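Below you'll find the structure, written out as structure tokens, and then a few comments.
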Amino acid sequence: QYAFIRAGLLDLIVECAVQRIPQPLQLKLMGEVQGATVRVDPEVIDFGVIHGVNEAESRVTLYNDSEVLLNFDLVSPVDVKREQQWLLARQQRQQQREAEIEHYKQKWGTAIPPDAFPEEAEEEFAPLYSFVPDSGKLLPHQNMVVSIFYEPIGETTIKDVIEVRTKGAEAKQVEVLGEVQSPKACIYPSTVELQEAFMAVPVTRTVELRNLSSIETAFQWAIIEDTALAHTTFSVPSGVLKAGEKKKIDITITVHRPGPLKLLIP
Numbered sequence: 001q002y003a004f005i006r007a008g009l010l011d012l013i014v015e016c017a018v019q020r021i022p023q024p025l026q027l028k029l030m031g032e033v034q035g036a037t038v039r040v041d042p043e044v045i046d047f048g049v050i051h052g053v054n055e056a057e058s059r060v061t062l063y064n065d066s067e068v069l070l071n072f073d074l075v076s077p078v079d080v081k082r083e084q085q086w087l088l089a090r091q092q093r094q095q096q097r098e099a100e101i102e103h104y105k106q107k108w109g110t111a112i113p114p115d116a117f118p119e120e121a122e123e124e125f126a127p128l129y130s131f132v133p134d135s136g137k138l139l140p141h142q143n144m145v146v147s148i149f150y151e152p153i154g155e156t157t158i159k160d161v162i163e164v165r166t167k168g169a170e171a172k173q174v175e176v177l178g179e180v181q182s183p184k185a186c187i188y189p190s191t192v193e194l195q196e197a198f199m200a201v202p203v204t205r206t207v208e209l210r211n212l213s214s215i216e217t218a219f220q221w222a223i224i225e226d227t228a229l230a231h232t233t234f235s236v237p238s239g240v241l242k243a244g245e246k247k248k249i250d251i252t253i254t255v256h257r258p259g260p261l262k263l264l265i266p
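Take the sequence shown: its letter number 78 is residue 78 in the UniProt record's numbering, and every next letter is one higher.
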């Protein structure tokens with residue numbers, strides 16, 4: 001029997017000493033040693049369109065198809081890099097503060113006032129990805145469901161990878177896709193000409209409210225109530241715009257005084 005302590009290609013020689021034979025007999029062992037291997041399903045996660053303030057969640061299943069116990073860890077390489085940059089920036093800020101304090105001491109030679117160089121409150125590093133669980137063990141032929149969360153920090157196109165790492169084996173990569181968007185809308189036309197309008201006679205114009213994003217959003221018109229100027233009503237005062245929807249809105253304005261009219265309706 002031979003116990004292998006790591007996976008990989010095997011190329012070794014074992015010797016057997018035989019009585020009254022001057023040279024030991026040799027046996028060459030060649031092959032490939034398989035370690036614990038994890039299988040991930042699915043191998044691609046597509047969050048689709050994510051609202052800019054909402055956390056996204058997906059799930060993958062990890063399978064241990066081998067005959068040995070498997071220890072795994074989930075890692076986001078992009079977060080590893082982001083945290084390194086965050087730590088470096090924090091270190092640089094601290095070094096700059098210490099240099100300013102030293103310069104003050106050398107220049108003035110007096111005790112430093114308590115509020116001269118206040119330490120800035122720093123937020124903790126916030127990763128984009130989190131996992132539940134983020135590590136664990138899988139018995140032979142066992143499987144486990146892992147939840148993957150993504151926390152948006154701004155509009156972006158997601159094209160990342162998540163690694164499932166196991167000791168003695170190559171990491172498995174899960175591709176992550178998605179699009180982080182914020183609601184975008186416009187009014188067409190943005191300017192409405194009433195031309196000639198008469199006092200106390202309602203005038204109706206139609207505009208189009210357009211959702212320019214791929215996510216649903218709500219809207220509400222502001223009712224302009226100015227008895228000295230005009231009274232305004234809307235055919236649809238509030239509602240929901242579906243992704244890419246164009247909704248026609250009738251705006252009725254009743255003017256209360258003569259002269260030029262200019263209204264800004266939010």
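Just so you know, even glycine gets a beta-carbon here, dropped at the ideal spot from N, CA and C.
Keep in mind it's a predicted model, so treat the numbers as computed, not measured.
May I ask you to report which of helix, strand or coil DSSP gives residue i?
i	result
Glu98	helix
Lys167	coil
Gln142	coil
Val105	A small correction: the amino acid at residue 105 is Lys; Val does not occupy that position in the sequence shown. DSSP places Lys105 in helix when its eight states are reduced to three.
Asp41	strand
Glu15	strand
Leu194	coil
Ala218	strand
Leu229	coil
Leu88	helix
Lys172	strand
Asp79	helix
Determine whether the beta carbon atoms of residue i and residue j lie at a separation below 9 Å.
i	j	result
Ile158	Val180	yes
Gly244	Leu194	no
Ile251	Val207	yes
Thr230	Val255	Note that residue 230 is Ala in the sequence shown here, rather than Thr. Taking 9 Å as the Cβ cut-off, Ala230 and Val255 qualify as a contacting pair.
Tyr188	Arg210	yes
Ala126	Ile153	yes
For the beta strand (DSSP E) that contains residue i, what are its first and last residues?
i	result
Ile21	That residue, Ile21, is in no beta strand (DSSP E); it is neither H nor E in DSSP.
Phe131	129-132
Arg257	Per DSSP, Arg257 belongs to no beta strand (DSSP E) and is neither H nor E.
Val203	203-211
Asn54	Per DSSP, Asn54 belongs to no beta strand (DSSP E) and is neither H nor E.
residue 271	No information on residue 271 is available, as it lies outside the stretch 1 to 266 that the chain covers here.
Between residue i and residue j, which are expected to be in contact by the criterion C-beta below 8 Å, what is the C-beta distance as a whole number of angstroms?
i	j	result
Ile45	Ser58	5 Å
Tyr129	Phe47	At roughly 11 Å, the Cβ-Cβ gap does not stay under 8 Å, so Tyr129 and Phe47 are not in contact.
Leu74	Asp160	13 Å between Cβ atoms; not a contact.
Val236	Lys247	7 Å
Leu70	Leu9	In fact, because the Cβ distance is near 21 Å, the residues do not count as touching under 8 Å.
Is any heavy atom of the ligand GTP found at a distance shorter than 8 Å from the C-beta of residue i?
i	result
Met30	Of ligands this structure carries none, so the ligand GTP is not represented either.
(message) Closer than 8 Å is the cut-off here; do at least three beta carbon pairs connect the segment 37-44 with the segment 79-95?
(response) no
(message) Under 8 Å, with one C-beta from each stretch per pair, do the segment 136-145 and the segment 62-69 reach the 3-pair mark?
(response) yes
(request) Pair every Cβ in the segment 162-172 with every Cβ in the segment 97-108, then say whether three or more of these pairs are closer than 8 Å. (result) no
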